[in-house]
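Engineer: As given, the protein sequences belong to chains A and B, one line each in that order.
Counting along the first sequence from 1, when you hit position 216 you're at 216 in our numbering, and nothing is skipped either side.
Here our numbering = 1-based position in the second sequence + 222.
Beta carbons are placed, not taken as given, at the ideal position from N, Cα and C, and that holds for glycine.
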Amino acid sequence: MATEPPSVSTPVGLAGHGHGSTAKHVEKRTVDMQIIGDWVEPNTSVLDLGCGAGALLDYLVQTKQVSAVGVDLDFAKITACVRRGVSAYQGEMTGFLRAFPDKHFDRVICSRTVQELDDPTTVILEALRVGRALTVGFVNHAFWKNRVNMLFLGRKIRNEVYTTEWFESRPANPVTIADFEHFCAISGIRIARRVHLAGDWRSPCRAFPNLLSGYALYDLAR
Amino acid sequence: MVRAQKLLLDHLGIVELHGVIGGSMGGMQAMLFAIEYPDFIRRVIAMATTARESAQAIAFNEVGRQAIMQDPAWQDGEYPRETGPRVGLAIARMMAHITYVSDASMDRKFGRRKKETADADAYTFEPQFEVEGYLRHQGQSFINRFDANSYLYITRALDQFDLAHAYGSLEAAFSHLTAEMLVVGFTSDWLFPPEQNRTLTLAALRATKRSSYAELSTDLGHDSFLLESEALYALIRAFLDRGGRYTFDFSI
């Protein structure tokens, strides 16, 4: 495999690099899960791209009785999914998506994964083909604190979200809300719903989301 | 084969199996068991296997069969019980054994090491390299425990196995499943490569069945499924143990 697993789980193992933020991370993860959970219809089929240890899918199985499938690159993550009773596939997302007919899944989820994709356009368009809906959640790189940080320190941003030095990190596309909406516009993707959360990833952010929002969630359709 | 196993289980009065696990041809049998007797098993694990052999795998089997059938001692299969085409069967096994391992694992195990007894004469055809001696040993030990005609029939059964052909399509085959499936592929397996293993889970998922695919990085080739790997054990344990209705004691 060319790349590291695009795991969704928060990098709690690296919390020592940040500001002792383990508890905060877990909390933030929960917020993401609850909003995605609200968008998922009961008894539907859900595919999670970059499912990690299957926490989100397990939550959706428990709360919405979905039939769940996850995709991840890491053997240990697949083992964790299997332990939870969540079907999981170890391999590349693009190859997986191409193996399915149109609208095979009711919903595809890409939570904190898009920034690490080799070919985001292909994955997103394929996900919209095999899924009736696509949920994308990502950290807004243009959040004002990141801008200030870059302006004054002039170095790779390191905080509780971006925990690693550049030389410890795998390549990532620092996607922003403005960038993502631009992509949707030029790709003819319809944004059915969107949620912008403030810097605490909890309270809604209503004004200037590209500047003031820390986390964004989109519900997409073709 | 699977029907015979089912008859035995019926005879023993077993009404349900928690899990069926198999590697290689055993994986084919495990899948077929789950398809043919869906209410009989709950979990199925297929490792280092395939829905149908590639031309390359069939080709290797054919060379093995020819080695046996070209041995004069085969006598059109009418050889007496205590003899038989021992040379042909040993050659078939030697070649098949190469397909079960990998370039890397053979190189690690033998490299180009010479046998201690190797003759100074470079052009003697007694075994000179350790790998030669090892293969000869594999062949010799095999003929004492395996019957040549059985080898012919078993390799033919392997070649004939084709889930897609037997049920119309792979999805149609797996549409019979009620058991949950786990497929495990091994990166260095070039006999039944990872691609052929992942196909199984993809087809089962297309048939909206519950199936997982995991791929273990090893360099031991096809025989990797026999590996004592903690990661593999953890996966199998996670798959069989979940649900809490049964607990398994894996200690020996």
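1) In terms of residues, what are the limits of the alpha helix (DSSP H) holding Q288 (chain B)?
2) For G91 (chain A) and E402 (chain B), which I take to be in contact (beta-carbon distance under 8 Å), what is that distance rounded to the nearest angstrom?
3) For L234 (chain B), count neighbouring C-beta atoms within 10 Å of its own C-beta (all shown protein chains included) and say buried if the count is 16 or more, exposed if not.
4) Could you pull the start and end residues of the alpha helix (DSSP H) that H550 (chain B) belongs to?
5) Quick one: grab the DSSP three-state call for L197 (chain A).
6) Between the C-alpha atoms of T423 (chain B) and P174 (chain A), what's the straight-line distance to the nearest angstrom?
7) Terminal residues of the continuous beta strand (DSSP E) containing L230 (chain B)?
8) What residues are listed by DSSP as bridge partners for P224 (chain A)?
9) Does any residue of chain B have a CB that is nearer than 9 Å to the CB of T122 (chain A)?
10) What are the start and end residues of the alpha helix (DSSP H) that includes I157 (chain A)?
11) By the three-class DSSP mapping on this structure, what secondary structure does A216 (chain A) have?
12) Kindly indicate which three-state DSSP category Y162 (chain A) falls into: helix, strand or coil?
13) Residues of the stretch 59-72 of chain A with a CB closer than 8 Å to any CB of chain B: list them in chain order, please.
14) What are the start and end residues of the alpha helix (DSSP H) that includes D72 (chain A)?
15) According to the neighbour-count rule (16 or more other Cβ atoms, all chains shown, within 10 Å of its Cβ), is E238 (chain B) buried or exposed?
16) Any beta carbon of chain B sitting closer than 9 Å to that of I109 (chain A)?
17) Measure how close the beta-carbons of F414 (chain B) and A270 (chain B) come, nearest whole angstrom, since I'm counting them as under 8 Å.
18) Is there a C-beta anywhere in chain B that falls below 9 Å from the one on P42 (chain A)?
19) How about H104 (chain A): is its C-beta nearer than 9 Å to some C-beta of chain B?
20) Could you check what DSSP says for C51 (chain A) in three-state terms: helix, strand or coil?
21) Quick one: grab the DSSP three-state call for T22 (chain A).
22) Alpha carbon to alpha carbon, how far is L192 (chain B) from L254 (chain B)?
23) Just to check my reading of the structure: L442 (chain B) and T79 (chain A) have Cβ atoms closer than 8 Å, yes? What is that Cβ distance to the nearest angstrom?
24) Checking contacts by CB at 9 Å: is T176 (chain A) closer than that to chain B?
25) Would you mind telling me which residues of chain A sit closer than 7 Å to L438 (chain B), beta carbon to beta carbon, in chain order?
26) Taking Cβ positions only, does E348 (chain B) come closer than 9 Å to chain A?
27) Quick one: what's got a C-beta closer than 6 Å to E126 (chain A)'s C-beta in the same chain, skipping five residues either side?
28) According to DSSP, R190 (chain A) sits in a beta bridge with which residue or residues?
29) So, does the stretch 108-121 of chain A touch the stretch 135-145 of chain A, judging by three or more C-beta pairs under 8 Å?
30) Should F167 (chain A) go down as buried or exposed, given a rule of 16 or more other Cβ atoms within 10 Å for buried?
Structural biologist: Short version:
1) Taking the second sequence and counting its residues from 1, one reaches residue 288 (chain B) at position 66. Per DSSP, Q288 (chain B) belongs to the alpha helix (DSSP H) from A277 to M291.
2) Counting from one through the first sequence, the residue named residue 91 (chain A) turns up at place 91. Counting from one through the second sequence, the residue named residue 402 (chain B) turns up at place 180. That belief does not hold up - the Cβ atoms of G91 (chain A) and E402 (chain B) are roughly 19 Å apart, past 8 Å.
3) Locating residue 234 (chain B) in the second sequence gives position 12, counting from the first residue. Classification of L234 (chain B): exposed, given that the 10 Å Cβ count is below 16.
4) One cannot answer for residue 550 (chain B) here, as it falls past the ends of chain B, which runs 223 to 474.
5) Here the question's residue 197 (chain A) lines up with position 197 in the first sequence. The answer is strand: DSSP assigns L197 (chain A) an E or B state.
6) Position 201 of the second sequence holds residue 423 (chain B). Position 174 of the first sequence holds residue 174 (chain A). If you take the alpha carbons of T423 (chain B) and P174 (chain A), they lie about 34 Å apart.
7) As a working mapping, residue 230 (chain B) is identified with position 8 in the second sequence. Careful: L230 (chain B) lies outside any beta strand (DSSP E), inside the alpha helix (DSSP H) at V224 to H233.
8) Outside the shown range of chain A, which is 1 to 222, sits residue 224 (chain A), and nothing can be said about it.
9) In the first sequence, the residue the question calls residue 122 (chain A) occupies position 122. Chain B, which has no Cβ nearer than 9 Å to the Cβ of T122 (chain A), makes this no.
10) Stepping through the first sequence from its first residue, residue 157 (chain A) is reached at position 157. Counting along the chain, I157 (chain A) falls outside any alpha helix (DSSP H), and DSSP gives it neither H nor E.
11) The residue you call residue 216 (chain A) lines up with position 216 of the first sequence. Three-state result, A216 (chain A): strand.
12) Residue mapping note: residue 162 (chain A) aligns to position 162 of the first sequence, counting from 1. Per DSSP, reduced to three states, the secondary structure at Y162 (chain A) is coil, with no helix or strand assignment.
13) S67 and V69
14) In the first sequence, residue 72 (chain A) corresponds to position 72, counting from 1. Looking at the DSSP string, D72 (chain A) is not in any alpha helix (DSSP H); the run it does join, the beta strand (DSSP E), is S67 to D72.
15) Looking up residue 238 (chain B) in the second sequence gives position 16. The residue in question, E238 (chain B), is exposed, as its Cβ has fewer than 16 Cβ neighbours within 10 Å.
16) Start at 1 with the first residue of the first sequence, and residue 109 (chain A) comes out as number 109. Not closer than 9 Å to any Cβ of chain B, the Cβ of I109 (chain A) fails to qualify, so no.
17) The count along the second sequence starts at 1 and reaches residue 414 (chain B) at position 192. The count along the second sequence starts at 1 and reaches residue 270 (chain B) at position 48. With a Cβ gap of about 5 Å, F414 (chain B) and A270 (chain B) count as contacting.
18) In the first sequence, counting from the first residue as 1, residue 42 (chain A) sits at position 42. Judged by the 9 Å Cβ criterion, P42 (chain A) is not in contact with chain B.
19) Residue 104 (chain A) sits at position 104 when you count from the first residue of the first sequence. With 9 Å as the cut-off, H104 (chain A) counts as an interface residue toward chain B.
20) Against the first sequence, residue 51 (chain A) aligns to sequence position 51. If DSSP states are grouped into helix, strand and coil, C51 (chain A) belongs with coil.
21) As a first step, residue 22 (chain A) is located in the first sequence; it is residue number 22 there, counting from the start. Reliability fails at T22 (chain A), whose pLDDT of 47 lies under 50, so the model's placement of it is uncertain and the value that follows must be treated cautiously. In the structure shown, T22 (chain A) sits in a helix (DSSP, three-state: H, G or I).
22) Since the first residue shown for chain B is 223 and the last is 474, residue 192 (chain B) is missing from the structure and cannot be characterised.
23) Numbered from 1 along the second sequence, position 220 holds the residue referred to as residue 442 (chain B). Numbered from 1 along the first sequence, position 79 holds the residue referred to as residue 79 (chain A). In fact, because the Cβ distance is near 20 Å, the residues do not count as touching under 8 Å.
24) What you label residue 176 (chain A) is simply residue 176 of the first sequence in a count that begins at 1. Output row for T176 (chain A): interface = no.
25) Against the second sequence, residue 438 (chain B) aligns to sequence position 216. Near L438 (chain B) (Cβ distances below 7 Å), the residues of chain A are F75.
26) Here residue 348 (chain B) is taken as the residue at index 126 of the second sequence, counted from 1. Chain A contact via Cβ: absent.
27) As a first step, residue 126 (chain A) is located in the first sequence; it is residue number 126 there, counting from the start. The answer, listed in chain order, is L97.
28) On the first sequence, residue 190 (chain A) is found 190 positions in, with the first residue counted as 1. DSSP output for R190 (chain A) lists A:A221 as bridge partner(s).
29) Three or more beta-carbon pairs separated by less than 8 Å link the stretch 108-121 of chain A to the stretch 135-145 of chain A, which places the two stretches in contact.
30) To locate residue 167 (chain A), count along the first sequence from 1; it is residue 167. Exposed.
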